[in-house]
Amino acid sequence: MTEKNILAFFKSTEEASNVADQIKNLGVTDIQIDRFSLYPLGSSDRLANPVTGATPSQATLTLGANGGQDTGILASSNVCASGMSDGDQDPISGRDILIAAVVDESVFDRAIQLIKDADGIV
Numbered sequence: 021m022t023e024k025n026i027l028a029f030f031k032s033t034e035e036a037s038n039v040a041d042q043i044k045n046l047g048v049t050d051i052q053i054d055r056f057s058l059y060p061l062g063s064s065d066r067l068a069n070p071v072t073g074a075t076p077s078q079a080t081l082t083l084g085a086n087g088g089q090d091t092g093i094l095a096s097s098n099v100c101a102s103g104m105s106d107g108d109q110d111p112i113s114g115r116d117i118l119i120a121a122v123v124d125e126s127v128f129d130r131a132i133q134l135i136k137d138a139d140g141i142v
């Protein structure tokens with residue numbers, strides 16, 4: 021049997037879990053839910069004081085992005101951090117939960133429909 025892969029994006033883990041359960045009911049066993057971030061180390065969970073000089077990048081101050089100087093330079097080039105934008109470049113969709121699944125071709129269309137019915141993006 022031929023297999024197909026699915027990558028679907030959701031706004032919450034609850035939405036993704038519900039859809040994953042429905043897809044599992046179709047007989048799919050190879051399915052995974054993950055959260056991803058634009059920044060390699062996720063968000064900063066500590067306050068950074070710019071007066072101390074211990075701030076690795078502009079993105080740490082403006083976005084709360086956690087990272088070192090290596091990744092901070094690239095993260096600071098994001099229009100959300102710098103404010104330098106020509107407009108209409110909204111990279112934030114709020115869909116940071118990913119379902120990755122490998123499904124049999126016979127249930128592929130049904131799985132896609134379940135995702136779309138739950139307001140997921142394929």
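My numbering puts the first residue of the sequence shown at 21, with every later residue one more than the last.
Ideal Cβ positions, reconstructed from N, Cα and C, are used throughout, including at glycine.
(1) Could you give the first and the last residue of the continuous alpha helix (DSSP H) run that contains residue 27?
(2) Buried or exposed, going by whether 16 or more other CB atoms sit within 10 Å of the CB of residue 56?
(3) Quick test of your reading: residue 44 and residue 53, contact by CB under 8 Å. State the CB separation rounded to the nearest angstrom.
(4) Check residue 127 in the structure and name its three-state DSSP category.
(5) Keeping to the same chain, check which residues put their C-beta closer than 7 Å to that of residue 40; ignore five residues upstream and five downstream.
(6) I'd like to check one pair, residue 46 with residue 122: are the Cβ atoms closer than 8 Å?
(7) Exposed or buried, residue 27, counting other C-beta atoms within 10 Å across all chains shown (16 or more means buried)?
(8) Would DSSP call residue 134 helix, strand or coil?
(9) What's the call for residue 114, buried or exposed, on a 16-neighbour Cβ count within 10 Å?
In this structure, then:
(1) In the sequence shown, counting from the first residue as 1, residue 27 sits at position 7. Note, residue 27: premise wrong, no alpha helix (DSSP H); beta strand (DSSP E) at 23-30.
(2) Here residue 56 is taken as the residue at index 36 of the sequence shown, counted from 1. Classification of residue 56: exposed, given that the 10 Å Cβ count is below 16.
(3) In the sequence shown, the residue the question calls residue 44 occupies position 24. In the sequence shown, the residue the question calls residue 53 occupies position 33. Actually they do not touch by this definition, with Cβ atoms about 11 Å apart.
(4) Residue mapping note: residue 127 aligns to position 107 of the sequence shown, counting from 1. DSSP places residue 127 in helix when its eight states are reduced to three.
(5) By one-based count along the sequence shown, residue 40 stands at place 20. For residue 40, where only same-chain residues beyond five positions count, the Cβ hits under 7 Å are 51, 53 and 119.
(6) By one-based count along the sequence shown, residue 122 stands at place 102. By one-based count along the sequence shown, residue 46 stands at place 26. With a cutoff of 8 Å on beta-carbon distance, residue 122 and residue 46 are scored as not near each other.
(7) Numbered from its first residue, the sequence shown carries residue 27 at position 7. Exposed, by the Cβ-count rule.
(8) Mapped onto the sequence shown, residue 134 falls at position 114. Looking at residue 134 - three-state DSSP - the assignment turns out to be helix.
(9) Numbered from its first residue, the sequence shown carries residue 114 at position 94. Classified as exposed, residue 114 has fewer than 16 neighbouring CB atoms from the shown chains inside 10 Å of its CB.
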